[in-house]
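Residue numbers (our numbering): 843 to 1112. Take a look at the structure below.
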DNA sequence: CGCTGACCCTGACGGC
DNA sequence: TGCCGTCAGGGTCAGC
């Protein structure tokens, strides 16, 4: 489900509802996620206060005085703000209950997500070796060009690698490559510095616009209040295999790269 | 070291 | 109507 824009939409949505209010109860109904939910999580959060909600790549970090809760939404996860009168649905795995009756509720049918407790200021292997944030200035075409040298993997696989750059998932990788006119299966090491400059600009542009639209809802992504994101209306290629290219009207090609569905225009993308 | 494919899990959908 | 195969926005890991 969530790529960077959906995670950022979630962060902005939940933030005002969870900051500065004592947590009175933490309920873990299902701890078997991608990794087991940290057993100390309820104890560490209860009586505690969240001071801010940050994001690193697709990880959300809920900051407190004694440590951080790190949440990943996996493929089907979502966080919603609800209240004690709302009966939990199937797959509502974790409730974080605040003193005012509001609840931060983690929902994840496929259980590929994770909820971990990082004590104190400690880092974690999952976030310590990530590439730059795509919307920050240290991510640019030169960065992509430098790391791509002598790499034979497909450029689409390359930009989806979180050690290269975080937050670019399957939807936005397809979209950015279309905007840049680059074939997804082109070897990463056989692309010019100039074209990587264009690609990094297009990655920033497509992620930025998706955040403005509240993310992309295809199946299960919902915002903190349960509403969908609207960026799917602006998708040029993702989910449009066999349909016509918006630029040249040729039929879009659909294939698989690294086991992920890949759509492009063989005329506009070289 | 880089790359590929299997795998974790549930649910929706299309074909028969 | 039901059964079966396929696919889905994530990432890790073993093996070559």
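Built from N, CA and C at the ideal position, the CB exists for glycine as well.
Requested in this report: Leaving out five residues on either side along the sequence, give the residues of the same chain with a beta carbon under 7 Å from the beta carbon of residue 971.
Outcome: As a working note, residue 971 is residue 129 in the first chain. Excluding sequence neighbours, residue 971 sits near 1005.
Report task. Mind checking which residues open and close the alpha helix (DSSP H) that includes residue 1013? Result -> To locate residue 1013, count along the first chain from 1; it is residue 171. Unbroken alpha helix (DSSP H) run through residue 1013: 1012–1022.
Report task. May I ask you to report which of helix, strand or coil DSSP gives residue 1093? Result -> As a working note, residue 1093 is residue 251 in the first chain. Of the three classes helix, strand and coil, the one that applies to residue 1093 here is strand, per DSSP.
Query raised in the report: Per DSSP, which one or two residues make a beta bridge with residue 959?
Result: Stepping through the first chain from its first residue, residue 959 is reached at position 117. Answer is 911, bridged to residue 959.
Query - DSSP three-state assignment for residue 1114, whether helix, strand or coil - result: As displayed, the chain neither begins before 843 nor continues past 1112, which places residue 1114 out of reach and without an answer.
Query raised in the report: Quick one: what does DSSP say residue 1072 is sitting in, helix, strand or coil?
Result: The residue given as residue 1072 occupies position 230 in the first chain. Of the three classes helix, strand and coil, the one that applies to residue 1072 here is strand, per DSSP.
Query - Proximity to residue 966 [Cα-Cα], best of 952, 901, 1080 - result: Counting from 1 along the first chain, the entry for residue 966 is found at position 124. Cα-wise, what sits closest to residue 966 is 901.
Query raised in the report: Cα-Cα, which of 929, 867, 920 is closest to residue 851?
Result: To locate residue 851, count along the first chain from 1; it is residue 9. That would be 920, whose Cα lies nearest to the Cα of residue 851.
Report task. Report the rounded CA-to-CA distance for residue 997 versus residue 1103, giving the unit in angstroms. Result -> For the purposes of this step, residue 997 is identified with residue 155 of the first chain, where counting begins at 1. For the purposes of this step, residue 1103 is identified with residue 261 of the first chain, where counting begins at 1. Going from the Cα of residue 997 to the Cα of residue 1103 covers about 14 Å.
**Report entry** For residue 1104, three-class secondary structure by DSSP
**Finding:** Position 262 of the first chain holds residue 1104. Three-state DSSP puts residue 1104 in a strand.
Query raised in the report: When you compare each of 846, 928, 1100, 1044 to residue 1017 by their alpha carbons, which one comes out closest?
Result: For the purposes of this step, residue 1017 is taken as the residue at position 175 of the first chain. Looking at the Cα atoms, 1044 is the closest of the given residues.
**Report entry** Cβ neighbour criterion (16 or more within 10 Å) applied to residue 959
**Finding:** Against the first chain, residue 959 aligns to sequence position 117. With 16 or more Cβ atoms within 10 Å of its Cβ, residue 959 is classed as buried.
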